[in-house]
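Numbering-wise (this note's numbering), the sequence shown opens with residue 1 and increments by one.
Each residue gets a CB set at the ideal place from its N, CA and C atoms; glycine is no exception.
Worksheet: one structure, shown below.
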Amino acid sequence: MWNFRAWRREYLLRTASLPQRPWRKTVASLALLRGLSPDELRRLQQLALLFLHEKELVGVVGLELTGVMRLRIAAQACLPILELGLDYYRGMQTVLVYPGGFVARHEYRDEAGVVHVERSALSGEAWQRGPVVLSWGEVAEPRGSGANLVIHEFAHVLDMLTGAANGLPPLHGTMSVAQWAADFAAAYGHLQACVERSEPTPIDHYAAQDPAEFFAVLSEVFFAAPRQLRETYPAVYGQLQAFYRQDPAAR
Numbered sequence: 001m002w003n004f005r006a007w008r009r010e011y012l013l014r015t016a017s018l019p020q021r022p023w024r025k026t027v028a029s030l031a032l033l034r035g036l037s038p039d040e041l042r043r044l045q046q047l048a049l050l051f052l053h054e055k056e057l058v059g060v061v062g063l064e065l066t067g068v069m070r071l072r073i074a075a076q077a078c079l080p081i082l083e084l085g086l087d088y089y090r091g092m093q094t095v096l097v098y099p100g101g102f103v104a105r106h107e108y109r110d111e112a113g114v115v116h117v118e119r120s121a122l123s124g125e126a127w128q129r130g131p132v133v134l135s136w137g138e139v140a141e142p143r144g145s146g147a148n149l150v151i152h153e154f155a156h157v158l159d160m161l162t163g164a165a166n167g168l169p170p171l172h173g174t175m176s177v178a179q180w181a182a183d184f185a186a187a188y189g190h191l192q193a194c195v196e197r198s199e200p201t202p203i204d205h206y207a208a209q210d211p212a213e214f215f216a217v218l219s220e221v222f223f224a225a226p227r228q229l230r231e232t233y234p235a236v237y238g239q240l241q242a243f244y245r246q247d248p249a250a251r
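See the structure below:
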């Protein structure tokens with residue numbers, strides 16, 4: 001199966017290509033892609049091509065996805081895996097795109113066996129071995145500096161490769177789980193303390209919700225405002241640099 005997939009990808013890269021003018025416009029419109037070298041842009045384009053062939057992007061609630069919209073999503077989704085490869089998104093096959101925010105309905109059973117239903121207004125969501133859900137409004141117009149919904153939700157996909165969203169993606173063999181946990185715990189504790197004291201937070205306070213959201217939000221900032229993260233939480237920046245095998249602040 002792996003050999004067939006590898007052969008198919010090589011065949012696609014030889015025989016197919018993305019429309020060049022829309023791709024160049026997409027790259028030019030995304031600030032977080034500025035500074036990528038010609039080789040990095042070439043490999044990002046190849047990943048985006050494979051992503052669009054292997055994953056299904058579906059507009060819902062009447063939204064019709066254009067080719068430009070698909071390129072914008074693919075380029076951002078593939079940036080985190082530029083040095084990791086498309087297999088890091090294994091198990092995720094579908095991206096659902098709403099025109100704007102949406103209301104998610106979740107059921108859970110408490111310890112007493114009572115089933116509860118929660119409804120939440122969201123702009124994005126990622127499911128274990130399920131779809132990634134995005135709000136096109138948020139993709140087209142990020143809510144602020146350092147924000148990137150696509151990277152946020154696909155960071156959850158990477159996080160869940162270990163079986164649960166807990167802020168610990170599958171680290172490389174050269175990385176220390178203990179050091180990762182220590183560096184992230186220190187930064188997470190600092191952010192939570194700022195929130196508890198109602199002080200200004202160095203990053204979006206939503207990151208203090210739990211370790212999974214902390215990892216996802218910091219992944220956003222790592223790519224969208226890397227110098228801000230390096231200055232605020234340098235140890236965490238170093239961990240993300242080692243995991244993603246990229247140094248966005250140096251671009």
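Cut-off 6 Å between Cβ atoms - residues of its own chain near residue i, not counting five sequence neighbours on either side
| i | result |
| --- | --- |
| GLY35 | ARG251 |
| ALA48 | ALA74, ALA75 and CYS78 |
Within 9 Å, strictly: CB atoms of residue i and residue j
| i | j | result |
| --- | --- | --- |
| ALA147 | GLU220 | yes |
| PRO202 | PHE222 | no |
| LEU149 | VAL139 | yes |
| GLN239 | GLN179 | yes |
| LEU32 | ALA224 | yes |
| LEU86 | ARG14 | no |
| GLU83 | TYR244 | yes |
Beta-carbon contacts of residue i that lie in its chain and below 8 Å, excluding the five residues immediately before and after
| i | result |
| --- | --- |
| LEU30 | ARG72, ALA75 and GLN76 |
| THR26 | VAL68, LEU71, ARG72 and ALA75 |
Where residue i falls, given that 16 or more other Cβ within 10 Å makes a residue buried
| i | result |
| --- | --- |
| HIS172 | exposed |
| HIS53 | exposed |
| TYR89 | buried |
| PRO19 | exposed |
| GLN93 | exposed |
| PHE215 | buried |
| TYR11 | exposed |
| GLY167 | buried |
| ALA155 | buried |
| PHE4 | exposed |
| TRP23 | buried |
| PRO226 | buried |
Nearest neighbour of residue i, chosen from the options [CA to CA]
| i | options | result |
| --- | --- | --- |
| VAL61 | VAL27, GLN241, VAL97 and ALA28 | VAL97 |
| ILE81 | ARG9, SER176 and GLN46 | GLN46 |
| SER330 | GLU196, ALA155 and ALA242 | Missing from the structure shown is residue 330; the chain here goes from 1 to 251 and no further. |
| GLN228 | LEU12, ARG245, GLU125 and ASP204 | ASP204 |
| MET69 | VAL95, HIS152 and GLY144 | VAL95 |
| ALA212 | ASP159, ARG21 and PRO200 | ASP159 |
| SER135 | SER37, ALA186 and GLU153 | GLU153 |
| GLU141 | ALA207, LEU218, GLY100 and SER17 | GLY100 |
| ALA207 | ALA181, LEU63 and LEU218 | LEU218 |
| LYS55 | VAL236, ALA181, ARG129 and SER198 | ARG129 |
| ASP210 | GLY91, PRO226, GLY189 and THR66 | GLY189 |
| ARG230 | GLU196, ASP183, ALA126 and SER198 | ASP183 |
Contact set for residue i: own chain, Cβ-Cβ below 7 Å, skip 5 residues either direction
| i | result |
| --- | --- |
| PRO170 | LEU161 and THR162 |
| TYR233 | ALA187 |
| LEU65 | LEU57, GLY59 and VAL97 |
Considering only residues of the segment 17-81, which uninterrupted beta strand (DSSP E) runs meet the minimum length of 3 residues and lie entirely inside it, listed in chain order?
-> The qualifying runs are 56-59.
Every unbroken beta strand (DSSP E) inside the segment 149-179 [3 residues or more] = Runs of beta strand (DSSP E) with 3 or more residues, each lying fully within the segment 149-179, are absent.
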